[in-house]
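Residue numbers (my numbering), protein chains in the order written: chain A, 481 to 808; chain B, 481 to 808; chain C, 481 to 808.
All C-beta atoms, glycine included, are put in the ideal place defined by N, C-alpha and C.
These notes are about the structure you will find just below.
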Amino acid sequence: MINPFFNNCGPFKIFNIFDASIDCPFSFENSSNDNDIIHDVKNLNEATSRDITFFHSIKYKDLAINTNARACITKKEFFHLLPDECIKISCDNILLLTAIITAKFYPDSITDNNNYDLLNINEKFKRIISGKNTLVANNVIIGKNTKIGHNTLIENNVKIGNDCFIGSNVILRNAIIEDNVHILDGAIVGKKGFGFIPINLKNHRYPHIGYVHIKKNSEIGCGSTIDRGSLSVTTIGENTYLDNQVHIAHNVKIGNNCIIAGQVGIAGSSILGNNVMIGGQAGISGHLKIGNNVQIGGGSGVIKDIPDNSKVMGYPAKDFKKFIREGR
Amino acid sequence: MINPFFNNCGPFKIFNIFDASIDCPFSFENSSNDNDIIHDVKNLNEATSRDITFFHSIKYKDLAINTNARACITKKEFFHLLPDECIKISCDNILLLTAIITAKFYPDSITDNNNYDLLNINEKFKRIISGKNTLVANNVIIGKNTKIGHNTLIENNVKIGNDCFIGSNVILRNAIIEDNVHILDGAIVGKKGFGFIPINLKNHRYPHIGYVHIKKNSEIGCGSTIDRGSLSVTTIGENTYLDNQVHIAHNVKIGNNCIIAGQVGIAGSSILGNNVMIGGQAGISGHLKIGNNVQIGGGSGVIKDIPDNSKVMGYPAKDFKKFIREGR
Amino acid sequence: MINPFFNNCGPFKIFNIFDASIDCPFSFENSSNDNDIIHDVKNLNEATSRDITFFHSIKYKDLAINTNARACITKKEFFHLLPDECIKISCDNILLLTAIITAKFYPDSITDNNNYDLLNINEKFKRIISGKNTLVANNVIIGKNTKIGHNTLIENNVKIGNDCFIGSNVILRNAIIEDNVHILDGAIVGKKGFGFIPINLKNHRYPHIGYVHIKKNSEIGCGSTIDRGSLSVTTIGENTYLDNQVHIAHNVKIGNNCIIAGQVGIAGSSILGNNVMIGGQAGISGHLKIGNNVQIGGGSGVIKDIPDNSKVMGYPAKDFKKFIREGR
């Protein structure tokens with residue numbers, strides 16, 4: 481799929497990706513593939529034989545074994561886990577090198593600058609019911625019967641389906657919004673994630689070339705923030721409702737029919753199944769897998785994977801009955 | 481009292497309320513009251529002999545025994561708790577049936593659409609000191625010496641008292657604000673609550689016909705959200721101060737002289753007494769009763785009622801001295 | 481240093497500061513200094529021999545012993561801790577009296593009123609790249625290559641450096657922002673802190689004459705709130721990154737190269753060293769000292785000082801290994 485929000489400057493010959501000026505030492509397992517063409521940067525599980533990927537944590541071993549990627553940035557001790565046909569590149573700072581080559585493909589992804597040339601919505605969409613001072617980029621698509629409040633900003637390439645309700649003071653960028661979605665006042669959707677690599681007391685920002693996908697019939701509460709993915713998509717499933725002041729970090733994927741109460745926070749790259757219910761102020765750490773039909777009590781702190789059909793509470797979260805029995 | 485924000489399409493004959501198309505089975509205890517007239521939908525304790533109410537949890541038994549309601553939607557095993565003269569209607573999904581009949585009385589309450597036809601405040605209020613791009617509905621009332629910032633939205637029927645200070649980027653709807661109230665930048669007051677009934681993998685939104693009442697001399701911090709009640713009023717007491725990023729859910733009632741620090745969350749329908757102090761990031765579950773002069777430590781998770789004059793801390797919150805003694 | 485945001489109406493003769501109408505009893509240790517001139521109100525450690533200060537908690541004993549202040553509001557039992565040459569004033573309500581005299585010096589600091597007379601940014605800054613409806617005060621200073629989004633408000637005397645990126649719907653007041661700072665959408669910087677003294681069931685607001693200082697290369701996330709100091713400065717160090725929905729209360733000082741994840745809250749007057757990392761939703765109580773290189777796990781509640789190089793987690797936060805070993 482062509483990236484809907486960022487322009488890919490590739491393809492590049494593989495050795496041209498890593499140009500001489502990179503301040504991040506790396507080495508190829510062997511140099512027999514100088515002329516291979518690389519088309520894109522993708523995650524281990526999404527990369528095709530035309531793409532480069534990265535593998536930085538043993539947590540993703542299973543994805544590495546099965547990756548189709550043409551090349552992979554990793555460390556020497558992980559080489560044996562990758563398929564034979566994958567070109568292996570070792571580096572002490574895998575994330576930094578991945579950030580650098582992502583920026584090579586997508587140079588306009590580093591910043592999260594606003595569109596400065598937005599139009600008043602009435603100049604572009606004559607029939608949309610909308611409030612005052614709402615601004616849209618020229619290439620925005622908005623479906624039928626969608627209503628939009630006041631002071632809302634809809635930036636480049638955002639797509640909004642039919643029968644949506646977008647509140648006031650909302651900011652939408654790098655987002656695809658299906659039919660019948662409600663996004664309430666003050667929500668901010670599609671900002672780049674909180675991803676960067678501290679290097680020599682300076683932070684190197686990780687490019688975020690992903691986007692936010694909000695599926696049909698869902699609702700996003702007031703003041704909630706949903707960050708776009710780094711290489712992949714941040715997803716809110718069908719019929720999933722988020723209350724006010726919820727924070728969803730980059731790359732998170734939430735299933736269908738979930739209910740997420742106020743002030744919940746979900747850290748980067750965690751994946752939630754369907755029918756997950758989360759009480760107010762609960763937090764979920766990054767890179768976790770929460771199964772289907774899981775219930776998480778209010779105030780819980782989830783720091784490990786939760787299997788299907790579990791009910792947990794506490795900090796750290798444990799079996800709900802145990803939490804009640806032990807009084808903590 | 482006439483609902484100040486939503487138009488009541490009633491009264492209806494009781495049998496007309498439940499028209500044939502309702503997809504939610506129910507049955508009357510007996511059908512001798514076909515011609516009774518019902519004027520409104522109210523909570524158990526607020527309903528008069530002209531109103532219909534609902535009773536869905538044994539937690540509200542005492543209110544049920546004493547209700548004046550003409551009719552009540554409940555389940556068969558609760559029938560004996562209601563007064564003899566109350567018409568009893570049983571239903572497997574009490575909340576859904578209540579939502580459907582509330583929408584029958586108040587059809588415009590389902591959505592939380594913005595007012596799209598707001599005026600610039602200067603067109604209506606010549607003498608109000610205000611910033612740029614602040615918009616008001618035509619029927620808004622604003623008292624003397626009240627000042628309002630930039631980009632603020634004040635929707636239909638909102639009333640603001642004298643000597644108030646309303647910041648910038650504030651959204652006010654379905655709210656009554658007394659004298660000398662400060663509402664700081666980015667606060668969102670009066671949005672519908674996070675209430676809906678999951679039915680066959682679709683969420684049925686509960687109508688919110690209540691409003692937010694902010695009493696005199698109080699303060700609402702930046703980015704805080706206060707949702708309006710479903711059938712009743714969300715109340716902030718006199719001289720009560722809320723810090724930034726606080727979330728107050730629908731139907732919550734907070735007493736006078738309370739101090740609520742940053743990022744606190746109070747779930748739906750909880751009731752707080754006077755002089756309650758709550759430390760930062762504490763959370764209070766729904767449907768609880770917090771007494772007068774209660775102190776709740778920062779970060780606490782309150783999951784049961786707290787009697788007057790208590791000092792609690794922890795998750796779940798317990799006696800403060802015990803928390804300190806046990807180190808958790 | 482002259483206060484950059486509030487006009488000092490002093491100096492005053494010391495006895496004129498405490499005029500007869502003050503409803504807060506106090507007494508001088510001796511009255512031999514009637515004609516002393518006081519130029520400003522400052523904290524114990526910042527006061528010079530021209531200033532008055534206050535000393536209300538034994539926690540600040542070391543600062544009291546070493547203060548250079550000409551005069552100090554405190555209680556009788558603390559008199560012996562202050563230097564001989566310091567004029568001692570005793571009062572039952574130290575904070576109230578300090579608030580009253582601060583307002584005497586800085587009468588315009590009590591409220592946090594918006595600037596109502598902002599200009600469109602294009603009227604003042606021809607070359608700044610900016611969005612629509614962004615407003616600035618006439619005396620704002622903005623550096624080269626700084627970009628500013630839509631609907632943003634920049635109030636009196638704010639200074640912004642070069643190469644900054646300010647998002648949309650941002651509010652900046654009482655803030656000094658160095659070069660290359662990113663402030664993302666919806667952040668609110670420089671509001672007065674949540675400081676007041678409950679007196680006879682009325683709250684007396686504490687004047688906030690401080691400001692917010694954001695040092696170079698730092699980033700403030702979407703919807704975050706950073707309150708200005710009461711008497712001192714709220715500081716965000718160089719290269720320090722804050723994620724979304726973070727709350728930083730008045731007088732907090734954060735060092736360099738810190739990483740603060742989403743929904744963290746830091747209560748008033750706490751001081752953080754350099755290289756501090758804080759996981760999502762963690763909270764830090766007020767008046768604490770967090771050392772250099774400290775790591776605080778997500779969801780933690782920190783209620784006491786943390787020494788350098790510690791790794792803590794839990795509520796209350798304890799040694800990380802102990803938290804993992806004990807499972808709480």
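(message) Output needed in chain order: residues of the region 530 to 541 of chain A with a Cβ under 8 Å from some Cβ in chain B.
(response) Near chain B, meaning a CB-to-CB distance below 8 Å, no residue of the region 530 to 541 of chain A qualifies.
(message) Cutting at 6 Å between CB atoms, please list the residues of its own chain near C:V650, excluding the five before and the five after it.
(response) Counting only Cβ-Cβ distances below 6 Å, and skipping sequence neighbours, we find T632, I663, A667.
(message) Please report whether the beta-carbon of A:G629 lies at a distance below 8 Å from any beta-carbon of chain C.
(response) A:G629 does not count as touching chain C.
(request) Starting from A:N602, trace the alpha helix (DSSP H) both ways and give me its first and last residue. (result) Where A:N602 is concerned, the enclosing alpha helix (DSSP H) stretches over 601 to 604.
(message) Looking at C:H730: is its Cβ nearer than 8 Å to the Cβ of C:G690?
(response) Against a cut-off of 8 Å, the Cβ pair of C:G690 and C:H730 comes out as a contact.
(message) Do B:L577 and B:C504 count as a contact pair if the criterion is CB distance below 8 Å?
(response) For the pair B:C504 and B:L577, the CB atoms are nearer than the 8 Å cut-off.
(request) Could you list which residues in chain B have their beta carbon closer than 7 Å to that of C:S765, in chain order? (result) Correct list: G778.
(message) With DSSP as the reference, identify every bridge partner of B:C566, one or two as the case may be.
(response) Note: B:C566 sits in no beta bridge, so no partner.
(message) What residue range does the beta strand (DSSP E) around C:N683 cover?
(response) C:N683 -> beta strand (DSSP E) spans 682 to 685.
(request) Check C:A667 in the structure and name its three-state DSSP category. (result) Three-state result, C:A667: coil.
(request) May I ask you to list, following chain order, the residues of the region 677 to 703 of chain B that have a beta carbon less than 9 Å from some beta carbon of chain E? (result) Note that chain E does not occur in the displayed structure, where the protein chains are A, B and C.
(message) For B:D723, would you say it is in contact with chain C, using Cβ-to-Cβ distances shorter than 8 Å as the test?
(response) With respect to chain C, the C-beta atom of B:D723 has a partner C-beta closer than 8 Å.
(message) In the DSSP output, what is B:A655 paired with across the bridge?
(response) Answer is B:V692.
(message) For C:L681 and B:N754, what's the separation of their Cα atoms in angstroms?
(response) Going by the C-alpha atoms only, they are around 10 Å apart.
(message) With distance defined between alpha-carbon atoms, name the residue in A:N683, A:F492, A:L768 nearest to A:P787.
(response) For the residues A:N683, A:F492, A:L768, the minimum Cα distance to A:P787 belongs to A:L768.
(message) Any C-beta of chain A within less than 8 Å: which residues of the region 639 to 668 of chain B qualify?
(response) Answer in chain order: N649, I651, G666, I668.
(message) I want to verify the contact list: residues of chain C whose CB lies under 8 Å from the CB of B:A741, in sequence order.
(response) Chain C residues near B:A741: F674, A747.
(message) Between C:Y540 and the ligand FMN, is there a pair consisting of the residue's CB and a ligand heavy atom that are separated by less than 7 Å?
(response) Looking for the ligand FMN in the displayed structure turns up nothing, as the structure carries no ligands at all.
(message) Based on DSSP bridge pairs, tell me the residues matched to B:P678.
(response) In the DSSP assignment, B:P678 forms a beta bridge with B:N683.
(message) Per DSSP, what are the beta-bridge partners of C:S648 in this structure?
(response) Answer is none; C:S648 lacks a bridge partner.
(request) Quick one: grab the DSSP three-state call for B:E699. (result) The answer is strand: DSSP assigns B:E699 an E or B state.
(message) Closest to B:D723 by C-alpha separation, out of C:L711, C:D588, C:G647, C:I706, would be which residue?
(response) Sorting C:L711, C:D588, C:G647, C:I706 by C-alpha distance to the C-alpha of B:D723 places C:I706 at the top.
(request) Under the assumption that C:T547 contacts C:N525 (Cβ atoms under 8 Å), give the Cβ distance between them as a whole number of angstroms. (result) 7 Å between Cβ atoms; contact.
(request) Compare the C-beta of C:A729 against all C-beta atoms of chain B and say whether one is closer than 8 Å. (result) The beta carbon of C:A729 sits closer than 8 Å to some beta carbon of chain B.
(request) Note down, in chain order, every chain C residue with its Cβ under 8 Å from the Cβ of A:G709. (result) Here the premise fails: no neighbours, minimum Cβ distance about 15 Å.
(request) List the residues of chain B whose Cβ lies closer than 7 Å to the Cβ of A:I609, in chain order. (result) Those are Y596, listed as they occur along chain B.
(message) Strictly under 8 Å for the Cβ-Cβ distance: is C:T626 near chain B by that measure?
(response) Answer no: the Cβ-Cβ gap between C:T626 and chain B never drops below 8 Å.
(message) Let me check understanding here. Comparing Cα to Cα, which of B:R550, B:L575, B:F492 lies closest to B:P563?
(response) The candidate whose alpha carbon is nearest that of B:P563 is B:R550.
(request) With a threshold of 16 other CB atoms inside 10 Å of the CB of B:S814, please say whether the residue is buried or exposed. (result) Residue 814 of chain B is absent from the structure shown; chain B starts at 481 and stops at 808.
(message) Less than 8 Å between CB atoms is the rule here; does C:P796 satisfy it with respect to chain B?
(response) Interface residue (Cβ-Cβ distance to chain B less than 8 Å): C:P796 is classified as such.
(request) May I have the straight-line CA-CA distance separating C:I628 from C:E658, to the nearest angstrom? (result) If I take the Cα positions, the gap works out to 15 Å.
(message) By alpha-carbon positions, which one of B:S610, B:N683, B:K696 ends up nearest to A:K696?
(response) Of all alpha-carbon atoms in B:S610, B:N683, B:K696, the one lying nearest the alpha-carbon of A:K696 is that of B:N683.
(message) Check for me: the alpha helix (DSSP H) holding C:T582 runs from which residue to which?
(response) From DSSP, the alpha helix (DSSP H) with C:T582 extends over 574 to 585.
(message) Is there a C-beta anywhere in chain B that falls below 8 Å from the one on C:K468?
(response) Summary: the structure shown does not reach residue 468 of chain C, with chain C confined to residues 481 through 808, and so no result is reported for it.
(request) Would you decide whether C:I475 is buried or exposed? Buried here means 16 or more other CB atoms lie within 10 Å of its CB. (result) Because chain C in this structure spans residues 481 to 808, residue 475 of chain C falls outside the shown range and cannot be described.
(request) Within its chain, find whatever has a CB closer than 8 Å to the CB of A:R805; leave out the 5 residues flanking it on each side and keep chain order. (result) Once the five neighbours on either side are set aside, A:R805 has no close Cβ partner at all.
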